[in-house]
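Going by my numbering, the sequence shown opens with residue 302, and the numbers climb by one from there. All C-beta atoms, glycine included, are put in the ideal place defined by N, C-alpha and C.
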Amino acid sequence: MASEARLGAYLRDRRARLDATALGFPASRRRTPGLRREEVAQRAHISATWYTWLEQGRGGAPSADVLDRIARALMLTDVEREHLFLLGLGRPPEPRYRQAQGVSPRLQRVLDALDPSPAMIKTLTWDIVAWNRAATVVFGDYGAAPPEERNILRRIFCDPRSRAANFDWESVARFVVAAFRVDVARAGAMAEATAAALVEELSLRSPEFAALWAAHDVSHHGEGVKRLRHPQLGEMSFEYSAFAVEGRPDLAMIVYNPTTPEDADRIGALLAED
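As structure tokens, this is what we get:
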């Protein structure tokens, strides 16, 4: 009951902050600021009675679809929408899938500050959208590749250089497919078309991918150890960890920390040559 009361109070507060005239509603005879309840319901395409019950804390648990409509009606920001879902359902909303795009300058500066540890930002469909210089010298120059070739799965399954660079390629391939399946499910319906096209492409180009995808294994990205054969630096080992990007649930940052000071020094020396 306490959560329903908090949800109602939050809805009332957000409703009061909207400018009725700016949204096309008449300004006359309004006793309180903001939209009326029936106007929010109209914008959300839900019953005015049902919305009123929600504000009064007696509507029961709303569905995710209803909360999403209300969030749009109240013009909530991403963080406000997340708060609405936490109050209404006790969980955040499903991530909103976005087509591959760059990151903010501030986030890029975070990546750059991590040198000589390679670091990158990936989407839910495993497109690399940002990286630091260390990632370039260790994994290859993403900036020189066309955007479609910056996809981790295409590199693992379709690039012979990636296959040769990874120790125990079969285990790496099995892991990335299982983690990719989880990310696609988390991305929801909006990512289905992009993911389906990628899966179809990779299944045609790689029998190994087709077999692993058909196995339906799942895994979280989490953390682990990655071993590589670098064409200039030789054998290298990294501890990797994946991190959520605040405010962008469609993105994740992966950081590869060299496991020895010697490996870090070798990367630093290569960076100094650029």
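Thinking C-alpha only, which one of the options is nearest residue i?
i: F544; options: Y352, P562, H522, H531; result: H522
i: G361; options: V556, G391, P334; result: G391
i: A515; options: Q533, L534, A479; result: A479
i: L505; options: N558, R455, L308; result: R455
i: P334; options: Y352, D314, I347; result: D314
i: L513; options: A474, H531, R549; result: A474
i: L503; options: F539, A328, G325, E450; result: E450
i: A553; options: N467, A486, I422; result: I422
i: H384; options: L308, R464, Y443, I555; result: L308
i: E471; options: A496, R487, R549, F510; result: F510
i: V519; options: D428, A466, V485; result: V485
i: P562; options: A573, M537, E574, E547; result: M537
i: V500; options: F481, A488, R487; result: F481
i: L412; options: A310, W432, V546, E547; result: W432
i: Y541; options: R528, E547, M376, R549; result: R528
i: E547; options: S405, D564, F539, A565; result: S405
i: T560; options: L572, P417, E574; result: P417
i: L408; options: L572, A565, Y443, R549; result: R549
Using only the alpha-carbon positions, how far apart do residue i and residue j sit?
i: A317; j: L387; result: 20 Å
i: V526; j: Q357; result: 52 Å
i: R410; j: T322; result: 41 Å
i: R332; j: S364; result: 31 Å
i: A570; j: P508; result: 39 Å
i: Q533; j: P419; result: 16 Å
i: I453; j: T353; result: 48 Å
i: T378; j: I457; result: 37 Å
i: G325; j: L355; result: 24 Å
i: H531; j: A466; result: 6 Å
i: A372; j: E381; result: 8 Å
i: C459; j: I555; result: 21 Å
i: R359; j: L319; result: 24 Å
i: A445; j: A306; result: 54 Å
i: I429; j: L312; result: 38 Å
i: H346; j: P327; result: 19 Å
i: E524; j: Y557; result: 10 Å
i: L415; j: H517; result: 35 Å
Taking DSSP as the reference, what is the three-state secondary structure of residue i?
i: D428; result: strand
i: P508; result: helix
i: H384; result: helix
i: V404; result: coil
i: D413; result: helix
i: A420; result: strand
i: K304; result: Looking at the sequence shown, residue 304 is not Lys but Ser. In this structure, S304 counts as helix in the three-state DSSP scheme.
i: E395; result: coil
i: G569; result: helix
i: D551; result: strand
i: R359; result: coil
i: R330; result: coil
i: G309; result: helix
i: V526; result: strand
i: G335; result: coil
i: A515; result: helix
Drop a sphere of 10 angstroms on the beta-carbon of residue i, count the other beta-carbons inside from all chains shown, and report buried for 16 or more, exposed for fewer.
i: T424; result: buried
i: R344; result: buried
i: R434; result: buried
i: T350; result: exposed
i: V367; result: buried
i: R567; result: buried
i: T426; result: buried
i: G389; result: buried
i: V438; result: buried
i: E340; result: buried
i: G441; result: buried
i: R330; result: exposed
i: S463; result: buried
i: A498; result: exposed
i: D551; result: buried
i: P394; result: buried
i: D369; result: buried
i: A488; result: buried
i: D469; result: exposed
i: A496; result: buried
i: A342; result: buried
Checklist entry - Hey, which unbroken runs of the alpha helix (DSSP H) at 4 residues or more fall wholly within the region 441–489? => result As for any alpha helix (DSSP H) of minimum length 4 sitting wholly inside the region 441–489, the runs are 453–459, 461–466, 470–488, ordered along the chain.
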